[in-house]
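Asker: Protein chains in written order, with our numbering: chain A, 26 to 522; chain B, 0 to 266.
Ideal Cβ placement from N, Cα and C applies to all residues, glycine included.
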Amino acid sequence: MTRGNRLSGVFGLFGVFGSFSLSGKSGERGEMSYKRVTQKIIDKLESITGRENVLTKEEDIEPYSHDETPQLKFSPEVVVKVKDTSQVHQLLALCNKEKIPITPRGGGTGVTGGAVPVKGGVVLSFEKMNQIKDIDIENQMVVVQPGVINGNLQRELEKEGLFYPVNPASMDSCTIGGNVAESSSGANAVKYGGTKEYVCGIKAVLPSGELIKAGGKLVKNATDYRLIQLITGSEGTLAAITEIILRTVPLPETRVDLIVPVNKLSTVKNIISKIWQEKIIPASIEYIDELTIKITKDFVQQPPSLPVAHHYLLIGVDGKEERVTKDIEILGQICMDEKVEDVLVAEDRPAREKLWKLRQSIRDALLKFSLTMVEEDIVVPRSKITEFVEKINQVCSEYSLTAGVFGHLGDGNVHLNLLKTSSCQDEWEKKVKKALDKLFKIAISMGGKISGEHGIGLVKKAYLPLVMSPAEIDIIRKTKLTFDPNNILNPGKIFDL
Amino acid sequence: MHIIVCIKQVPDTEELPRVRVNPEDNTIVREGIKSIINPFDENAIEEAIRIKEKNSAVVTVISMGPPQAKDALRKALAMGADKAILISDPVFAGSDTLATSFTLSEAIRKIGNFDLILLGKQAIDGDTAQVGPGLAEWLGIPQVTYVRRLEIKDKLIKVERVLEDCFEIVEVKLPAVVTVTKEINEPRYPSLKGLLRARKAEIPVWGNDYLGLPLDKVGLDGSPTRVTKVFVPEPPPKGKIIEGDLNQKVEKLIEEIKKRDLLKWLR
Ligand SMILES: Cc1cc2nc3c(=O)[nH]c(=O)nc-3n(C[C@@H](O)[C@H](O)[C@H](O)COP(=O)(O)OP(=O)(O)OC[C@H]3O[C@@H](n4cnc5c(N)ncnc54)[C@H](O)[C@@H]3O)c2cc1C
Ligand SMILES: Cc1cc2nc3c(=O)[nH]c(=O)nc-3n(C[C@H](O)[C@H](O)[C@H](O)COP(=O)(O)OP(=O)(O)OC[C@H]3O[C@@H](n4cnc5c(N)ncnc54)[C@H](O)[C@@H]3O)c2cc1C
């Protein structure tokens, strides 16, 4: 397979947004000067990491040519699995010297193409750097290598009575390194916030090969430009992260999840605003629409039993037993006042797990329903979110598009998944483009942005100028060049240079 | 119609690593362990409620266990059961399946007229699947185990039993004992209204003062089963992961197979 071989399906769709291409510049700076990976380079790579950690055969590198973005594929020339910071240092120094593109990769669960090596070159896989190095109970901090799977960390911490609340729906396959690079969030963000709220220290290798250490086991630190914050959410374009110090919180005594089936969006809106009025902070307020529930229930084995409704809210509360008991009563009262027929309660672990398994299976279920899927991750101020969901429904029906809508309602962040039900690809793409155009404008007029947690990566790149001014893009472009003058680290992502 | 459902509170499987066995009598130490309703018993409750919703029945749920088993009974009430009774007395502690089924049968006699008794197919901790059949024997009524479908036909029930490679359709006269598998239904989540109601519900506790059972037929003394040893099995040795690209992996795999002579049985 040749470098940069794109199996473009839906990706072609984004070509129509080409008119947004930045400040009239065409092509990538330095693209022409990237070098190919020669046998000599491979020998060098093998001397750094050992032969068994360097993959070149087509069937071995295939899994590294895509992430979870539908129908997006670019083949790397070589995949290197690193074991420690020193290997990362040597690799980056080599790639920088030889002008070879290098793309960091965690679990490959990204949905915007972040880990896809658009320019070929090296995929730098962190899968073997998966050690939890230190659980520091006294400081309530944990030191991890970037390849630690989020769910594994959660389970290990739980044994020590600690809690890492950031739980993306992909938690059993995404890595902490990927979470930090994407600044990911999970369903607990309403109360606990996302990844960015927990990163206290980062060890990272710059494209030059130099090592930087920012922060530490510190809950406070005002000694530099916010290097941690800069790297968090930089989608692997500024530095390769090799160690992360995360803050944790005490494990809540108990947790209960409520399922609220609702028939009108106005009821959803009222419930949410009353929750804030009552000064309750649930861990989660998730939303799932009727179609998404139906498709997902057909997809999972032994789905939980749920009554039929147009909209579902999933409200999770955690904390001390008495507090949770009280919160549930108040939440129940709020729902009853809004004439919700009944609220269902998932109290014990198996009952809750069944519910969250359904929630976590949504994306796979939608993709099975329609392999061609365009997913958006729009975020608006949370007071506007039900209004925005209403608009989604209006716009979709205007263009007769089928959509599965679900997401983190309590954070103002919903995932809009446009599902291809008609057979004509061209016509569908056109309608999708028009509908999205409209919805982005609406979201922006509400003060929203085009991504709440999935990042820009490759597939949302064309939309960036909608939400960032030329001056803003210019300053991040200059930042990129300061870190990576040769543009070797994950080139082609977020914006074109 | 009156349906009685027998439920057992069991340790949450996640808690199993923390479950301790009392070295003196080899029984489970349940204190401080998070508990759930035995999963199959939730199916039994659900089935009873579904019958109730269709045929207007009364559902009574009973459990034998320590005082904390009331939590399980409350959840059953929240799901829609009408009445709950806890059978609890220090003299019942340490019951084996014989004593458990005997005590339950006597409690059920005390409750009086019933048409159908539903149980889970087995408990995920004790795992014997003997309490249902034992109960039927003590009561002298028919039993059908491993039921995945149940249909009420007046004074008869028609059920499908799951067998290893087929299922069996059986008709049984009521009253009868039925134990159910998880295929029979998907248990509902309890409603918040139900839960708040259940929190306030009185759950009578029947001890041996009330049941008056002979002491040599209940608890440890009434249990001919003696657990002589309880041990944690050795975990199987860790598998070896072969690294490298595809060709290296295949080469190394062949090497391993040869080295360990794994194909000798072919000869
Ligand atoms: C580690 C260990 C040690 C043990 N030690 C002893 C011992 O020393 N002496 C001894 O006599 N026995 C001992 N037992 C067994 C005993 O406690 C059984 O667990 C009990 O009799 C029920 O049997 P079962 O769990 O196999 O239930 P099953 O027969 O598998 O349960 C089938 C169904 O019966 C019903 N049911 C079961 N139990 C109850 C209940 N209590 N109340 C209401 N309904 C119920 C439920 O519907 C359940 O789904 C031990 C068990 C274990 C795991
Ligand atoms: C079913 C499903 C559910 C999801 N749910 C959520 C959700 O609830 N919330 C959410 O926020 N996201 C969600 N996602 C998206 C995705 O899981 C997250 O973006 C996740 O953080 C990616 O982690 P990863 O390890 O898979 O990273 P990858 O996909 O491998 O990489 C993502 C980006 O991080 C960079 N990167 C990875 N490791 C490093 C490193 N060590 N140093 C520098 N850069 C690095 C890569 O270059 C790439 O740009 C979901 C995805 C799926 C498939």
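Under three-state DSSP, which class holds residue 44 of chain A?
Answerer: Residue confidence is low: residue 44 of chain A scores 31 on pLDDT, short of 50, so the model does not pin down where it sits. Its coordinate-derived value is still stated next. The answer is helix: DSSP assigns residue 44 of chain A an H, G or I state.
Asker: How is residue 414 of chain A classed by DSSP in three states: helix, strand or coil?
Answerer: Residue 414 of chain A falls in the helix class under three-state DSSP.
Asker: Give a yes or no on whether the C-beta atoms belonging to residue 76 of chain B and residue 175 of chain B are separated by under 7 Å.
Answerer: It is not a contact, given that the beta carbons lie outside the stated cut-off.
Asker: By the 7 Å beta-carbon criterion, what residues does the segment 21-39 of chain B contribute toward chain A?
Answerer: Listed by position, the residues of the segment 21-39 of chain B near chain A (Cβ gap below 7 Å) are 35, 38.
Asker: Indicate the three-state DSSP secondary structure (helix, strand or coil) for residue 216 of chain B in the structure shown.
Answerer: Of the three classes helix, strand and coil, the one that applies to residue 216 of chain B here is helix, per DSSP.
Asker: For the pair the segment 228-242 of chain A and the segment 136-155 of chain A, tell me if three or more CB-CB distances fall below 8 Å.
Answerer: The answer is no - the segment 136-155 of chain A does not touch the segment 228-242 of chain A, with fewer than three Cβ pairs under 8 Å.
Asker: Residues of chain A with CB closer than 7 Å to the CB of residue 243 of chain B, please, in chain order.
Answerer: Chain A residues near residue 243 of chain B: 77.
Asker: Which ranges would you report for the beta strand (DSSP E) in the segment 341-385 of chain A if only whole runs of at least 3 residues count?
Answerer: Whole beta strand (DSSP E) segments, 3+ residues: 369-371.
Asker: So is the beta-carbon of residue 25 of chain B under 6 Å away from any non-hydrogen atom of ligand 1?
Answerer: Flag set: Cβ of residue 25 of chain B near ligand 1.
Asker: Compute the minimum distance between the beta carbon of residue 134 of chain A and the heavy atoms of ligand 2, and state whether it is under 6 Å.
Answerer: True, at least one ligand heavy atom lies under 6 Å from that Cβ.
Asker: Given the structure, does residue 512 of chain A come close to ligand 2, in the sense that its CB is under 6 Å from one of the ligand's heavy atoms?
Answerer: Not under cutoff, so the answer is no.
Asker: Between which residues of its own chain and residue 179 of chain A is the CB-CB distance below 6 Å, once the five residues before and five after are set aside?
Answerer: Once the five neighbours on either side are set aside, the close Cβ partners of residue 179 of chain A are 189.
Asker: Using the rule of at least 16 other Cβ atoms within 10 Å of the residue's Cβ for burial, across every protein chain shown, is residue 577 of chain A buried or exposed?
Answerer: What is shown of chain A runs 26 to 522, which leaves residue 577 of chain A out entirely.
Asker: Mind checking residue 172 of chain A: buried by the 16 CB within 10 Å criterion, or exposed?
Answerer: Buried, since its Cβ has 16 or more Cβ neighbours within 10 Å.
Asker: Taking residue 85 of chain A as the query, report the chain C residues whose CB atoms sit under 7 Å from its CB, ordered along the chain.
Answerer: This model lacks chain C altogether; the protein chains it does include are A and B.
Asker: Helix, strand or coil for residue 401 of chain A, going by three-state DSSP, please let me know.
Answerer: Residue 401 of chain A: strand per DSSP, three-state reduction.
Asker: Can you find a C-beta in chain A that's less than 7 Å from the C-beta of residue 287 of chain B?
Answerer: No answer is possible for residue 287 of chain B: it lies beyond the span of chain B, which begins at 0 and ends at 266.
Asker: Going by CA-CA distance only, name the one from B/125, B/54, B/255, B/165 that's closest to residue 224 of chain B.
Answerer: When each option's Cα is compared against that of residue 224 of chain B, the closest is B/125.
Asker: Between residue 491 of chain A and residue 497 of chain A, what straight-line distance do the alpha-carbon atoms span, to the nearest angstrom?
Answerer: Looking at the two C-alpha atoms, the distance is approximately 12 Å.
Asker: Following the continuous beta strand (DSSP E) through residue 78 of chain A, name the residue where it begins and the one where it ends.
Answerer: That residue, residue 78 of chain A, is in no beta strand (DSSP E); it is neither H nor E in DSSP.
Asker: In the DSSP assignment, find the unbroken alpha helix (DSSP H) run with residue 208 of chain B in it and report its ends.
Answerer: Unbroken alpha helix (DSSP H) run through residue 208 of chain B: 207-210.
Asker: Give the residues from the segment 356-385 of chain A that approach chain B closer than 7 Å (Cβ to any Cβ), ordered along the chain.
Answerer: Under the 7 Å Cβ criterion, the segment 356-385 of chain A contributes 357, 367, 368, 369, 370, 371, 373, 374, 375, 376.
Asker: Taking the C-alpha atoms as reference points, what is the distance between residue 141 of chain A and residue 483 of chain A?
Answerer: C-alpha separation (whole angstroms): 8 Å.
Asker: Quick one: is residue 253 of chain B near chain A, going by C-beta distance under 7 Å?
Answerer: Cβ-Cβ to chain A under 7 Å: no for residue 253 of chain B.
Asker: For residue 456 of chain A and residue 93 of chain A, I'd like the C-alpha separation in whole angstroms.
Answerer: About 24 Å.
Asker: Is any non-hydrogen atom of ligand 2 found closer than 6 Å to the C-beta of residue 92 of chain A, if you look at the structure I gave you?
Answerer: Yes, the beta carbon of residue 92 of chain A sits closer than 6 Å to at least one heavy atom of ligand 2.
Asker: Within 10 Å of its beta-carbon, does residue 449 of chain A have 16 or more other beta-carbons around it, so buried, or fewer, so exposed?
Answerer: It is exposed - the Cβ of residue 449 of chain A has fewer than 16 other Cβ atoms within 10 Å.
Asker: Would you call the CB atoms of residue 210 of chain A and residue 219 of chain A closer than 7 Å?
Answerer: For residue 210 of chain A and residue 219 of chain A, yes; Cβs fall inside 7 Å.
Asker: Residue 229 of chain A to residue 507 of chain A, Cα distance in whole Å?
Answerer: Their backbone Cα atoms lie some 15 Å apart in a straight line.
Asker: Got a sec: does ligand 2 put a non-hydrogen atom nearer than 6 Å to the Cβ of residue 155 of chain A?
Answerer: No, Cβ of residue 155 of chain A sits at least 6 Å from all heavy atoms of ligand 2.
Asker: Should residue 188 of chain B be flagged as near chain A, meaning a C-beta pair shorter than 7 Å?
Answerer: Yes, contact with chain A.
Asker: Could you tell me which whole alpha helix (DSSP H) segments of length 4 or greater appear in the segment 51-130 of chain B?
Answerer: Within the segment 51-130 of chain B, the complete alpha helix (DSSP H) runs of at least 4 residues are 69-78, 96-110.
Asker: Just grab the DSSP bridge partners of residue 96 of chain A for me.
Answerer: The partner list for residue 96 of chain A (beta bridge, DSSP) is empty, contrary to what the question assumes.
Asker: Within its chain, find whatever has a CB closer than 7 Å to the CB of residue 53 of chain A; leave out the 5 residues flanking it on each side and keep chain order.
Answerer: Unreliable positioning characterises residue 53 of chain A in this predicted model, as indicated by a pLDDT of 47, which lies under 50. The coordinate reading is nonetheless provided below. 516, 517, 521, 522, listed in sequence order.
Asker: Closer than 6 Å to a non-hydrogen atom of ligand 2 - does that hold for the CB of residue 100 of chain B?
Answerer: Not under cutoff, so the answer is no.
Asker: Can you tell me the Cα-Cα spacing of residue 269 of chain A and residue 106 of chain A, whole angstroms?
Answerer: Roughly 18 Å separates the two Cα atoms.
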